[in-house]
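Right, one structure below, let's go through it.
Residue numbers (UniProt numbering): 1 to 235.
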């Protein structure tokens, strides 16, 4: 049977430890094949060993890329059955989505996500949040910092135990991801801005660990106000 993935060009840095740029490159390659229909919804991806070989990367790099695709809702890992494509991302969403649209949707969804995280987040999820917070360091590139924040938010949404809310929030994250070009990231993710984002997510994580619903929602509202101020200033 024809395997479209085997026709992908190998990523640079073959068989090296996982790095942010390499993982992003693998994600972009797989997303492109999903969008083009080479990997159709419902189709099963090749085994990790074969897929890593075809992409020219180490298996730990591939696993990180698949983690990101799963958080974006593009693949579904089924224990004992394999990894399946669930659908293609909606193209051009960012072109039809302005900062106000994003802010309104985040204001609707994120306080509820925080509330549900208080109710449902297991210790394993708290550990994953802490790991993403560690990745939001001063040493991270703007793109890696933004990815770590997206993963932090995705993990929160996954804990909601509400598949419809998760699907809606994934569209919000997709629009944020498409709108954030390299130039915009460099301009917006200043050292001061990173410190505020990291502090906000740290405070949110602490509130969830303490199961303090009022504090968690207050932290979310403050982070949304901070972002609204950033747009208002036109930075």
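Note that CB positions come from ideal geometry on N, CA and C, so glycine has one too.
Please read these numbers as outputs of a predicted model, since none were measured by experiment.
- Between the segment 209-229 and the segment 144-157, the count of Cβ pairs shorter than 8 Å is below three; the stretches do not touch.
- Contact between the segment 97-108 and the segment 53-71 is not established, with fewer than three Cβ pairs separated by less than 8 Å.
- In this structure residue 165 is in contact with residue 157, their Cβ atoms being roughly 7 Å apart against a cut-off of 8 Å.
- Between residue 114 and residue 220 the beta-carbon gap is near 5 Å, inside 8 Å, which marks them as a contact.
- Cα atoms of residue 87 and residue 170: separation of roughly 13 Å, rounded to the nearest angstrom.
- When DSSP states are grouped into helix, strand and coil, residue 226 belongs to the helix group.
- Take the alpha-carbon of residue 49 and the one of residue 59: they are about 7 Å apart.
- Between residue 179 and residue 116, the gap from beta carbon to beta carbon reaches 8 Å or more.
- Counting only unbroken stretches of 4 or more residues, the alpha helix (DSSP H) elements lying wholly within the segment 114-182 are 123-135, 142-158, 163-179, in sequence order.
- Residue 73 counts as buried, since at least 16 other C-beta atoms from the protein chains shown sit within 10 angstroms of its C-beta.
- DSSP places residue 82 outside any alpha helix (DSSP H); the residue lies instead in the beta strand (DSSP E), whose first and last residues are 82-85.
- Residue burial annotation: residue 176 is buried, with at least 16 other C-beta atoms found within 10 angstroms of its C-beta.
- For residue 95, there is no enclosing alpha helix (DSSP H), since its DSSP letter is neither H nor E.
- DSSP, read as helix, strand or coil, puts residue 212 in coil.
- Annotation for residue 76: the continuous beta strand (DSSP E) segment containing it runs 75-78.
- Within a 10 Å sphere around the beta-carbon of residue 190 sit fewer than 16 other beta-carbons, which makes this residue exposed.
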